[in-house]
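Asks: Quick one: structure below, then a few questions.
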Amino acid sequence: MKTDIILAGVGGQGILSIAAVIGEAALEAGLFMKQSEVHGMSQRGGDVQSNLRISDKPVASDLIPLGSADIIISLEPMEALRYLQYLKKDGWVVTNSTPFENIPNYPATEKIMAEYDSLPNKVILNVEQIAKELGAPRSGNVVLLGAASPYLGIGFSELENGLRQIFGRKGEEVVEMNLKALRAGKEVAEK
Amino acid sequence: MTKRLFLGDEAIAQAAIDAGLSGVYSYPGTPSTEITEYIQSSKIAKENEIRSKWCSNEKTALETALGMSYAGKRTLSCMKHVGLNVAADAFMNIAMSGINGGMIIVTADDPSMHSSQNEQDNRVYGNFAMLPMFEPSNQQEAYDMIYEGYDLSEKLGYPILFRITTRMAHSRAGVQTREPKAQNPIHEEQDAQQKYILLPVNARKRFKILIEKQKEFLDNSENSKYNQYIPLNPLKGTLADSQKSPLQGVGGKSPSVNSGVKLGIVACGIAFNYLQENFPDGFENPVLKISQYPLPKKQLLRLAAECDEILVLEDGYPVVEEQLKGYLGVGLTIHGRLDGTLQRDGELTPDKIRKALGLEVATNYNVPEIVKVRPPALCAGCGHRDVYEALNEVLKEYEGAKVFSDIGCYTLGALPPFRAIDSCIDMGASITMARGAAEAGIFPAVAVIGDSTFTHSGMTGLLDCVNANANVLIIISDNETTGMTGGQESAATGRIHAICQGIGVAPEHLHGIVPLKKNYEEMKKLIREEIEYKGVSVIVPCRECIQTYARKAKSNKQ
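Protein chains in written order, with the working numbering: chain W, 79 to 269; chain P, 573 to 1130.
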């Protein structure tokens, strides 16, 4: 198996913790992985992305080639579209629907959503709202990961374990809340 | 030993610790910062008392590393590519003296300028100083090269320049670690004075020794396991029928299109991974992987003998390509960044290699036009914002005002809504450029520099201003940290006023203020008054970086 994942968002939204959970899960599953991320200047409210590649064979390039990503996971609806050139024809886009508007020329929401109409495989969800309803307002990124979980090529229980690894030191309560968020996201994808 | 998930930077740091490191000396700079940070937060490093405090700049860092090496201990100095410009005086002359305890100098280059003002390729420095270099192709190799590199450095008696690029620094992979080694004891060299006192009489001898050493460096490189000649896989067919040049029609540059030319490929550092990505089932050309320099001549001669043309893949400048091609470009046909087979500037990617080899690059979806650029910005609540707002207000009153700025978060003041600065060249250039511009007749000439940048390279420029009684206003926007690289300790914290006074700024023209909305009027008044003063004025708006502030608040809560 081989899954090429692009994680997208705006600096500070928390895409790297999604990457960390998937990374732990991949290690747990005995898979090879490479994950390249952006540090420094781009973190200050600019667009950020991370290339995450997992495979049962060694991974060569740190970067995903054009047209070959299996999935784009984005915490922001316009940011997902920025990487469409990397998406496989039958690839999935899983995105948060809430715009992060910190630029004056941010496009109208309807225009963004219209772009999604032409994509065959997508899950669009309001992760903040779902997280809030669960009483876990800070777990929006984990809800998103849950929604992406059916398309990652990693078992759900491995993702749960990855999550336990990453959040374990913050206490059992935080772990349980995030597990709930993960499951809630998965339910949306399966609807 | 277990496999651990490491950033390239972290693999380098862990390998240095495991190789018996005694001290790392660095100044923060993307993408090199995480190496030193990893060592600072490593429990084992703390237990073993590995020194890791940040230095004021890359030059002080590298010289301190030399001092530790002089005493016989293993040392590491890490910097971003432009940092080596600052440390270049030390670097070039350490190549003359040589070292005692093993020394590795990491240069983290930034092709495509993700977070830098240029994309210089510091392999040029390696060649310039005539030193051996490593350029890992993946994280495991980065670990192994550092781990073994210390032995090599001590065996050769010279430092090793270790070149990585942003992708290597900031990409994570599983890395197998090795048995930790003990640190070296202090051990002095015999005849150390002849080595380290670079008076001409000694330096001439040292240069002859360095020239003589080149044979050994080359020999080591030709026998390095990191340089690998990969002949054509017989399963891929015979040379004759598979070796039609794949460079068909690339930019119309290849003179050998369709002529059944045999193409050999040189892949340096991370380029090797990108090449592999395009040939998951094995290469279709003879490939020479290069990860150690000087260039392995033996293997290159073999490639030249077996092929008609050579394609050079390297991330950064066409350093190897130029060396192979020579100035006149007669003889062997070399393809790469110079003849347009690959883009001359920018980071190398698997896709660029694919295109260069004439393979199809297929995208299925285009980026919609509605997708807009989202540049980075100063954080909400950042003190630099308040400084720029007040400064902009005052400068509206002066036609022809120029603001010379510097390297740091506050460079983002160039973007809307502020558009507050007119220059950003290199660390410290704000103060010196302001002086030059003032002496040319520009008024008001204002410099805006951060606290960490000021102690890195601004202090000497301020001394020049004081000595010349230049008519400048210098604003040292102090957020008590090295912000842009993620909030490292700043050498300037708590010292700026004393430094400025010591340099000779008149106390009545040296002011502190807290950059907050409630102090706007006072800030504007100060700026106006000091612009009107004909001489050197320094205003130090000081308020902690809101990122480090939030982090501290969070960790106090836990």
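C-beta atoms are modelled at their ideal positions from N, C-alpha and C, and glycine is treated no differently.
1) Answer with yes or no whether the minimum CB distance from residue 228/W to chain P is below 8 Å.
2) In whole angstroms, what is the alpha-carbon distance linking residue 968/P and residue 991/P?
3) Since residue 623/P sits in a beta bridge, which residues does DSSP pair it with?
4) Count Cβ pairs between the segment 1040 to 1049 of chain P and the segment 1008 to 1018 of chain P that sit closer than 8 Å; are there 3 or more?
5) To be precise: take each residue of the segment 731 to 760 of chain P, compare its Cβ to all Cβ atoms of chain W, and keep it if any distance is under 9 Å. Which residues remain?
6) Given a threshold of 16 other Cβ atoms within 10 Å of its Cβ, counted over all protein chains shown, does residue 126/W qualify as buried or as exposed?
7) Quick one: list the residues of chain W neighbouring residue 951/P, beta-carbon separation under 9 Å, in chain order.
8) Can you list, in chain order, the residues of its chain with a C-beta nearer than 6 Å to that of residue 980/P? Leave out the 5 residues immediately preceding and following it.
9) I need the straight-line Cα distance from residue 1011/P to residue 115/W, nearest angstrom please.
10) How big is the Cα-Cα spacing for residue 248/W and residue 227/W?
11) I need the straight-line Cα distance from residue 902/P to residue 860/P, nearest angstrom please.
12) Can you give me the C-alpha to C-alpha distance between residue 627/P and residue 607/P, rounded to a whole angstrom?
13) Flag this pair as touching only if the segment 575 to 582 of chain P and the segment 742 to 762 of chain P have three or more C-beta atom pairs under 8 Å; answer yes or no.
14) In the DSSP assignment, find the beta strand (DSSP E) that holds residue 855/P and state where it starts and stops.
15) Would you tell me roughly how many angstroms separate the C-alpha atoms of residue 759/P and residue 645/P, rounded to the nearest one?
16) Quick check on DSSP: helix, strand or coil for residue 725/P?
17) In whole angstroms, what separates the C-alpha of residue 959/P from that of residue 1087/P?
18) Residue 801/P by DSSP, collapsed to three states: which one?
19) I need the DSSP call for residue 661/P, collapsed to helix, strand or coil.
20) For residue 617/P and residue 182/W, I'd like the C-alpha separation in whole angstroms.
21) Given that residue 942/P touches chain W, what residues does it touch there, using C-beta distances under 8 Å?
22) Using DSSP bridges, identify the partner residues of residue 184/W.
23) If we call anything under 8 Å between Cβ atoms a contact, is residue 87/W one with residue 153/W?
24) Is DSSP giving residue 648/P helix, strand or coil here?
25) Any C-beta of chain P sitting closer than 8 Å to the C-beta of residue 81/W?
26) Could you tell me whether any Cβ in chain P is nearer than 8 Å to the Cβ of residue 180/W?
27) The segment 666 to 697 of chain P: which residues have C-beta closer than 7 Å to a C-beta of chain W, in chain order?
28) Please list the partners that residue 923/P has in chain W, where partner means a Cβ-to-Cβ separation under 7 Å.
29) Roughly how many whole angstroms lie between the Cα atoms of residue 732/P and residue 798/P?
30) Exposed or buried, residue 978/P, counting other C-beta atoms within 10 Å across all chains shown (16 or more means buried)?
31) Are the C-beta atoms of residue 822/P and some chain W residue less than 8 Å apart?
32) Quick one: what does DSSP say residue 809/P is sitting in, helix, strand or coil?
33) Tell me residue 200/W's beta-bridge partners as DSSP assigns them.
34) Is residue 902/P helix, strand or coil when you go by DSSP?
35) Taking all protein chains shown into account, do 16 or more other C-beta atoms lie within 10 angstroms of the C-beta of residue 943/P, making it buried, or fewer, making it exposed?
Replies: Looking at the atomic coordinates:
1) no
2) 12 Å
3) 595/P
4) yes
5) 738, 739, 740, 741, 742, 743, 744, 745 and 746
6) buried
7) 90, 122 and 123
8) 1022, 1025 and 1056
9) 45 Å
10) 23 Å
11) 22 Å
12) 14 Å
13) yes
14) No beta strand (DSSP E) contains residue 855/P, which DSSP labels as neither H nor E.
15) 8 Å
16) helix
17) 6 Å
18) strand
19) helix
20) 47 Å
21) 156, 159, 185, 189, 190 and 193
22) Its beta-bridge partners do not exist; DSSP assigns none.
23) yes
24) strand
25) no
26) yes
27) 686 and 687
28) 143 and 144
29) 15 Å
30) buried
31) Legend: pLDDT at residue 822/P = 45, less than 50; position of this residue unreliable, no value from coordinates given.
32) Because the pLDDT at residue 809/P is just 47, under 50, the model does not fix this residue reliably, and the value given afterwards should be weighed accordingly. The answer is coil: DSSP assigns residue 809/P none of H, G, I, E or B.
33) 171/W
34) coil
35) buried
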